[in-house]
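Trainee: My questions all concern the structure below.
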Amino acid sequence: METRPRNNPPCGCCFIIGPHILRRLASSSDRAVAEAAARTMRITQAMNAARAQLRTGVPIAALVRTGLRRQIFNCGGFEDLPGNPLRSEGQPATADTAANEAYDHSGTTWSFYHDVFNRESVDGHGRSLVSSVHYGQSYDNAFWNGQQMVYGDGDNVIFTHFTGALEVIAHELTHGVTQFTAQLPYQDQQGALNESMSDVFGSLVKQWSLRQTAAQADWLIGAAILAPGFKGRALRDMANPGTAYDDPRIGRDQQPGHMRDYVHTEDDNGGVHTNSGIPSRAFVLAAKAIGGNAWEVPGRIWYRTLTERLNPQSDFRKCALETVSVARDMFHTDPTIASKVAQAWIDTGVISSADVQTVSAPLVA
Amino acid sequence: MKVTVERHGGFAGFHCGATVEGDALSAEQREALAAVQSAGPAAADPGADHFVYKIEIEDEGGKQVLRVPESRMPSVLAKIATQ
């Protein structure tokens, strides 16, 4: 039995085949052996990086894998995750509509982040996009659990299946992006900002796929997954918070569009799905004022803000000031852009005109 | 005793709930309720858009409010909210 080399640091993992053996095999003259060993080493490195990240909480510059990789699983009505493998990247469409929708829409979302922002998957390192469909029985929900997306079939009374709307899937994947960047906690105002980012980028993915301008977009979330008979346009109306629905079985849309109507509650983690209406409306106001395709200018401002400026303590006000600062930095030749962003936040009561003066001038490149 | 079970959160952010009299609870439901009460506060489910349940127990002693993440909510109690 070979002894462990002295310069091998303890990693807390046990591997049957030690790394020194793999390294030797990776330089084998037998190509199949060398390739298998190299692939094993890459997987091992990724696992070590993931473990290190979990231990320290600090993102590790792990190997970046390029390319889209999707995996769809079938829960078959149970709640064990991820379920049974159903469709992998490159495999043809199956007979399962929900699986195909999860596959297609997560692919479109990946392409959006890749093409528009040069981002490799939700973590920026090319992580696989995992989705499980048919979760639970008549499960009226979809969620992101920190590692994957999970979709229910709906009850066919209020909801049809949750994979049916592109912006729903993009909303869930954006929770992953936030998790790997700003790490906004899912509570109170930070949580409402987290929710708003998912609606903003969820809607942008849909607009990008349809080649719609900000003026043409409907700014609705979840319109396509509501069952016939639902008394409302959608689950949320980002342009007009509080008007999306009024259904006797559910009640009325309670989203505010201004800070004076901020809902102080303990429910829903401090009202994260309710108070998200305020920053979402700010984005729509900025996008309509700036004009054109919303992902190109305001989308870029919000993306840079989310991925480079926000942190777990960031509230609406912090987000507002940072988007104005980013707008000045990125578009310093056109000061109307930053002023339109600022005005959107003023119109939603998040900041005042006096606050805008405090935003530092950009460093001229 | 009165028990109110509400479901909040989820992707849609809807809320629903119902109140039942304590003696209308099944033995299984009473047992589940006792288990939730003695378990104490639970950490939120990781990620986003999970359901979160709120259980209010009102009796002569006062009112107790429990917030239970979806993964820790017994289904026999959860169905009170959606009936």
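Each protein sequence line maps, in turn, to chains A and B.
Read the first sequence against the numbering used here and you will find it ends at 567, with the numbers running on by one and no gaps.
Read the second sequence against the numbering used here and you will find it ends at 84, with the numbers running on by one and no gaps.
Glycine included, each C-beta is placed from N, C-alpha and C at the ideal position.
#1: Alpha carbon to alpha carbon, how far is residue 556 of chain A from residue 39 of chain B?
#2: Span of the beta strand (DSSP E) holding residue 290 of chain A?
#3: Tell me the DSSP secondary structure of residue 75 of chain B in three-state form.
#4: At least one CB of chain A closer than 8 angstroms to the CB of residue 19 of chain B: is that the case?
#5: With DSSP as the reference, label residue 45 of chain B as helix, strand or coil.
#6: Give the DSSP bridge partners of residue 17 of chain B, in chain order.
#7: Could you name the residues of the stretch 45-60 of chain B whose beta carbon sits closer than 9 angstroms to any beta carbon of chain A, in the order they occur along the chain?
#8: What residues from chain B crowd round residue 437 of chain A, counting only those whose CB sits closer than 7 angstroms?
#9: Mind checking which residues open and close the alpha helix (DSSP H) that includes residue 410 of chain A?
#10: For residue 34 of chain B, is the beta carbon positioned less than 7 angstroms from some heavy atom of the ligand SAH?
#11: Buried or exposed, going by whether 16 or more other CB atoms sit within 10 Å of the CB of residue 423 of chain A?
#12: Assign residue 64 of chain B to buried or exposed, taking buried as 16 or more other Cβ atoms, counted over all protein chains shown, within 10 Å of its Cβ.
#13: Determine the direct distance from the alpha carbon of residue 502 of chain A to that of residue 483 of chain A, and round the result to whole angstroms.
#14: If you run the structure through DSSP and keep just helix, strand and coil, what is residue 52 of chain B?
#15: With distances taken Cα to Cα, identify the nearest neighbour of residue 349 of chain A among A:307, A:283 and A:399.
#16: List the residues of chain B that residue 421 of chain A touches, going by C-beta distances under 8 angstroms, in chain order.
#17: With distance defined between alpha-carbon atoms, name the residue in B:24, B:42, B:56 and B:35 nearest to residue 80 of chain B.
#18: With DSSP as the reference, label residue 260 of chain A as helix, strand or coil.
#19: Report the residue ranges of all alpha helix (DSSP H) runs contained in full by the stretch 343-385 of chain A; include only those spanning at least 4 residues, in chain order.
#20: Alpha carbon to alpha carbon, what distance is there between residue 52 of chain B and residue 218 of chain A?
#21: Looking at residue 525 of chain A: is its Cβ nearer than 8 angstroms to the Cβ of residue 552 of chain A?
#22: Counting C-beta neighbours from all protein chains within 10 Å, is the total for residue 226 of chain A 16 or more, i.e. buried, or is it exposed?
#23: Determine the direct distance from the alpha carbon of residue 75 of chain B to that of residue 29 of chain B, and round the result to whole angstroms.
Mentor: Quick look at the numbers:
#1: Rounded to whole angstroms, residue 556 of chain A and residue 39 of chain B show a C-alpha spacing of 51 angstroms.
#2: 286-290
#3: coil
#4: no
#5: For residue 45 of chain B, the three-state secondary structure derived from DSSP is coil.
#6: The partner list for residue 17 of chain B (beta bridge, DSSP) reads B:8.
#7: 45, 46, 47, 48, 49, 50, 51, 52, 53 and 55
#8: 13
#9: 390-412
#10: Among the ligands in the structure shown, none appear at all, so the ligand SAH cannot be discussed.
#11: buried
#12: It is exposed - the Cβ of residue 64 of chain B has fewer than 16 other Cβ atoms within 10 Å.
#13: 17 angstroms
#14: DSSP places residue 52 of chain B in strand when its eight states are reduced to three.
#15: A:283
#16: Correct list: empty, because the minimum Cβ distance to chain B is about 17 angstroms.
#17: B:56
#18: A caution first: residue 260 of chain A carries a pLDDT of 46, below 50, which makes its placement in the model unreliable, though a value can still be read off. Of the three classes helix, strand and coil, the one that applies to residue 260 of chain A here is coil, per DSSP.
#19: Considered as a whole, the stretch 343-385 of chain A harbours 368-382 as its complete alpha helix (DSSP H) runs of no fewer than 4 residues, in chain order.
#20: 41 angstroms
#21: no
#22: Exposed is the call here.
#23: 10 angstroms
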